[in-house]
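Below is one structure, written out as structure tokens, with a few remarks after it.
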Amino acid sequence: MNHNEELRNREKARRKAFWALASLPPGDPRALDVLDVLDGIELSEADEILGSVTVLSVGELRDAIPSEPHPIGCRIVREENIPQPWRERFLHASVGSTRATEGAYVHDWEKFLNEWEHEMQHLQNHRDAQAARG
3 MNHNEELRNR EKARRKAFWA LASLPPGDPR ALDVLDVLDG IELSEADEIL GSVTVLSVGE
63 LRDAIPSEPH PIGCRIVREE NIPQPWRERF LHASVGSTRA TEGAYVHDWE KFLNEWEHEM
123 QHLQNHRDAQ AARG
């Protein structure tokens, strides 16, 4: 399997796990399997990234990714301006969203970044609850 396929599969699995975790309150024992999946994804990602690529934080992405006006009257973000693994994460999170041919709508990109922060906080709440249970 090549790097792009691995990245695609990892982000697809992460998105599926986030969706499963979203409906579970922190401390719910049904979250343990999902947390194991997410821990495995993070470990494989850390092994891959170690020493090779710096992954931007959400705040850095907000500042670094340019938007541009589109003739239909909105602003867009071009996919090629979004670095990996964020591009793949965004693509999996926005499956089914409408978009311009040239790129995604800025409001969808901003919604993704906001939701990512929310998901990370929810994940941390689950991990904290799990650690408290011993």
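Taking the numbering used here, the leading residue of the sequence shown gets 3, the next gets one more, and so forth.
Glycine included, C-beta positions come from ideal geometry on N, C-alpha and C.
As the structure is a prediction and not an experimental result, all values here were calculated from the model.
- [ ] Rounded to whole angstroms, what's the CA-CA distance from Ala-33 to Glu-112? Just pull it up for me.
- [x] If you take the alpha carbons of Ala-33 and Glu-112, they lie about 27 Å apart.
Open item on the list: Going by the DSSP bridge assignment, what does Pro-71 pair with across the sheet?
Closed with: As a beta-bridge residue in DSSP terms, Pro-71 pairs with Arg-77.
Open item on the list: Closest to Asp-65 by C-alpha separation, out of Cys-76, Pro-85, Asp-130, Trp-21, would be which residue?
Closed with: Nearest neighbour of Asp-65 by Cα position, chosen from Cys-76, Pro-85, Asp-130, Trp-21, turns out to be Pro-85.
TODO: State buried or exposed for Leu-125, treating a residue as buried only when at least 16 other CB atoms are found within 10 Å of its CB.
DONE: With 16 or more other Cβ atoms within 10 Å, it is buried.
Open item on the list: So, does the stretch 114–133 touch the stretch 43–50, judging by three or more C-beta pairs under 8 Å?
Closed with: Cβ pair count under 8 Å is below three, so no.
Open item on the list: By the DSSP assignment, the alpha helix (DSSP H) with Ala-142 in it spans what residues?
Closed with: Any answer about residue 142 is impossible in this case: the structure gives the chain only from 3 up to 136.
Open item on the list: Mapping the DSSP letters down to three states, classify Gly-105 as helix, strand or coil.
Closed with: Strand, per DSSP.
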